[in-house]
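**Student:**
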Amino acid sequence: MAMMPSGSGGRIELPENVVVSRLDALANWCRKNSLWPMPFATACCGIELMATGASKHDLARFGAEVFRFSPRQCDLMIVAGRVVMKMLPVLQRIWQQMHEPKWCISMGACASTGGVFDTYAVVQGIDRFIPVDMYVPGCPPRPEQLIQAIIDLQDKIQREGTITGREFDTAGRQLRKRALVELAGPATIDASRNPVLQRELAAAAEAITSRS
Amino acid sequence: MPFTPPSVDDVLAGLADRFGTLDTSVYRGQTRVVVPADMSFDALAWLKERGFDLLVDVTCVDYLEYPDAKHRYGLVYLLASTATNQRLTVRVFVDDPDPAVKSAVPLWAGANWLEREVWDLFGIRFTGHPDLRRLVMPEEFTAHPLRKDYPLQGRGERHNFPVITRDHS
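Those protein sequences? They're chains A and B, same order as listed.
Counting the first sequence from 1 gives a position; our numbering is that position plus 2.
Counting the second sequence from 1 gives a position; our numbering is that position plus 13.
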């Protein structure tokens with residue numbers, strides 16, 4: 003190995019061609035620059051999705067051009083278009099077939115909220131039934147907007163990602179957050195302007211008193 | 014002497030001879046004839062023999078709360094003659110409870126999915142249909158959503174799914 007302890011003071015001297023980083027950051031860098039999208043395109047957003055992948059807008063510039071039609075080869079689901087109630091079980095099944103780490107972009111008004119289709123057959127936002135990382139507004143969004151969402155998702159992966167996928171453990175994260183609030187104690191947090199935090203603090207205080 | 018096809022009026026006159034006086038009308042060049050539900054299959058078979066050999070569409074209208082409507086559901090059979098290019102609309106009215114007519118599948122195999130769609134969305138039962146299942150709505154759906162008394166946003170079917178979180182997947 004190139005890393006040899008130098009003689010004085012227990013300090014380590016690195017050669018010029020060595021960069022020190024966290025393993026998480028390295029994994030995130032790899033993951034964010036090779037997103038493989040799963041195109042779940044059901045409507046006109048799918049046309050913009052195709053335009054995004056085509057030569058003019060060239061999604062390859064951001065390392066996300068390898069569209070695969072098998073969920074087992076993908077790590078980014080792009081839901082482009084309205085999802086009807088007959089399609090939702092299919093969507094959930096495809097999401098569960100994708101390998102982790104995986105992310106989801108809800109593209110356009112219909113996938114995010116149901117859009118103008120407020121009817122018995124159309125699901126009013128896919129985030130009611132599967133997790134979503136990025137929402138793209140628009141009807142349909144321009145390819146530039148979808149590219150921006152992918153860039154933002156790459157930032158999110160670089161910022162929050164971990165090599166073991168701890169960032170996906172939402173239930174555990176909620177528990178830890180609650181534990182931190184208990185440790186800090188209600189009096190030390192100014193929640194006077196945040197009703198959500200007030201409710202959480204009240205719940206935490208009640209949990210503490212009921213335990214003792 | 015060249016073949017001159019019978020006019021739609023001649024066909025309607027023959028239909029009236031066979032099945033009794035029927036309500037007919039013409040709107041913007043399109044002829045419409047109303048046939049009682051218990052005679053609908055025989056009338057369609059008779060028309061098919063007289064040249065209306067193509068069933069273009071089977072659909073339905075719900076006349077709930079429609080001004081001056083005497084019946085709840087109005088079935089629409091769009092017929093055409095491939096030889097003479099004439100068209101004829103056959104209307105059949107049915108009512109609650111248990112709106113039903115005889116299936117036209119023995120006459121036209123293409124009526125199969127058309128009648129399944131009408132059954133799915135309006136709940137009109139086609140007796141003698143070989144495979145009367147839902148066509149467009151999911152199998153577990155229980156309502157007939159194009160009926161006027163069905164709410165536009167449904168009765169919660171669109172939200173009746175398991176929620177998959179990050180912890181499940």
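Cβ coordinates follow ideal geometry from the N, Cα and C atoms, glycine included.
Find the nearest neighbour of S20(B) within the set D30(B), V47(B) and R63(B), judged by alpha-carbon distance.
**Tutor:** R63(B)
**Student:** Any C-beta of chain B within less than 9 Å: which residues of the segment 111 to 144 of chain A qualify?
**Tutor:** Listed by position along the chain: G116, D120, T121, Y122, A123, V124, V125, Q126, R130, F131, I132 and P133.
**Student:** Give the interface partners of D133(B) over in chain A, defined as CB-CB distance under 9 Å, in chain order.
**Tutor:** Simply none; closest approach about 12 Å.
**Student:** Going by DSSP, name the residue or residues bridged to Q166(B).
**Tutor:** The partner list for Q166(B) (beta bridge, DSSP) is empty, contrary to what the question assumes.
**Student:** How long is the line joining the alpha carbons of T166(A) and Q150(A), rounded to whole angstroms?
**Tutor:** 26 Å
**Student:** Step through the CB atoms of chain A and report whether any lies within less than 9 Å of the CB of G33(B).
**Tutor:** no
**Student:** Using a threshold of 9 Å, state whether the C-beta atoms of C73(B) and L134(B) are closer than that.
**Tutor:** yes
**Student:** Can you list the residues of chain B that L148(A) reaches, using a CB-CB cut of under 9 Å?
**Tutor:** In chain order: nothing, as chain B lies at least about 23 Å away.
**Student:** Going by the CB atoms, is the gap between N125(B) and P143(B) shorter than 9 Å?
**Tutor:** yes
**Student:** Tell me, to the nearest whole angstrom, how far the beta carbon of W105(A) is from that of D77(A); I am working on the premise that it is less than 8 Å.
**Tutor:** 7 Å
**Student:** Beta-carbon of W31(A) versus every beta-carbon of chain B: anything under 9 Å?
**Tutor:** no
**Student:** What separation, rounded to the nearest whole angstrom, lies between the Cα atoms of Y40(B) and Q99(B)?
**Tutor:** 15 Å
**Student:** Is M100(A) helix, strand or coil by DSSP?
**Tutor:** Looking at M100(A) - three-state DSSP - the assignment turns out to be coil, as it is neither helix nor strand.
**Student:** Can you tell me whether D198(B) is buried or exposed, with buried defined as 16 or more other CB within 10 angstroms of its CB?
**Tutor:** Residue 198(B) is absent from the structure shown; chain B starts at 14 and stops at 182.
**Student:** Thinking just about the alpha-carbon of each residue, which of S194(A), V22(A), M52(A) and W38(A) is nearest to the one in P143(A)?
**Tutor:** In terms of CA proximity to P143(A), M52(A) leads the group S194(A), V22(A), M52(A) and W38(A).
**Student:** How long is the line joining the alpha carbons of A123(A) and E170(B), rounded to whole angstroms?
**Tutor:** 8 Å
**Student:** Looking at the secondary structure, which residues open and close the beta strand (DSSP E) in which L75(B) lies?
**Tutor:** What sits at residue 75(B) in the sequence shown is Asp, not Leu. First-last of the beta strand (DSSP E) with D75(B): L67 to D75.
**Student:** Residues in its own chain within less than 8 Å of G141(B) by CB, not counting five upstream and five downstream?
**Tutor:** K115, S116, V118 and P119
**Student:** List, in chain order, every chain B residue whose beta-carbon is nearer than 7 Å to that of L177(A).
**Tutor:** What L177(A) touches in chain B: nothing, since even the nearest Cβ is about 11 Å away.
**Student:** Do you know offhand how far D66(B)'s Cα is from G123(B)'s?
**Tutor:** Rounded to whole angstroms, D66(B) to G123(B) spans 12 Å at the Cα level.
**Student:** Are any of the Cβ atoms in chain B nearer than 9 Å to that of K158(A)?
**Tutor:** no
**Student:** Just tell me which of V103(B), P151(B) and D180(B) has its CA closest to the CA of V48(B).
**Tutor:** V103(B)
**Student:** At a CB-CB cut-off below 9 Å, which residues of chain B make contact with A173(A)?
**Tutor:** Scanning chain B for C-beta atoms nearer than 9 Å to the C-beta of A173(A) yields T178, R179 and D180, reported in chain order.
**Student:** Of all the options R24(A), I152(A) and R13(A), which has the alpha carbon lying nearest to the alpha carbon of T164(A)?
**Tutor:** R24(A)
**Student:** Beta strand (DSSP E) containing S38(B): first to last residue?
**Tutor:** D36 to Y40
**Student:** Of the residues that make up the segment 68 to 97 of chain A, which ones have a beta carbon closer than 9 Å to any beta carbon in chain B?
**Tutor:** V86, M87, K88, L90, P91, Q94 and W97
**Student:** Kindly list the residues whose CB is nearer than 6 Å to the CB of T37(B), restricted to its own chain and excluding five residues on each side of it in sequence; keep chain order.
**Tutor:** L25 and V46
**Student:** Tell me the DSSP secondary structure of C32(A) in three-state form.
**Tutor:** It is helical.
**Student:** Do V69(B) and H84(B) have their C-beta atoms closer together than 9 Å?
**Tutor:** no
**Student:** What residues in its chain sit with their C-beta under 6 Å from that of F54(B), if we drop five residues either side in the sequence?
**Tutor:** K115
**Student:** Determine, for Y163(B), whether the minimum Cβ-Cβ distance to residues of chain A falls below 9 Å.
**Tutor:** yes
**Student:** Between the Cα of K61(B) and those of G87(B), L28(B), N173(B) and H157(B), spot the shortest distance and give me the residue it belongs to.
**Tutor:** L28(B)
**Student:** So for L60(B), helix, strand or coil by DSSP?
**Tutor:** helix
**Student:** Need the endpoints of the alpha helix (DSSP H) that K158(A) sits in, please.
**Tutor:** Unbroken alpha helix (DSSP H) run through K158(A): P145 to E162.
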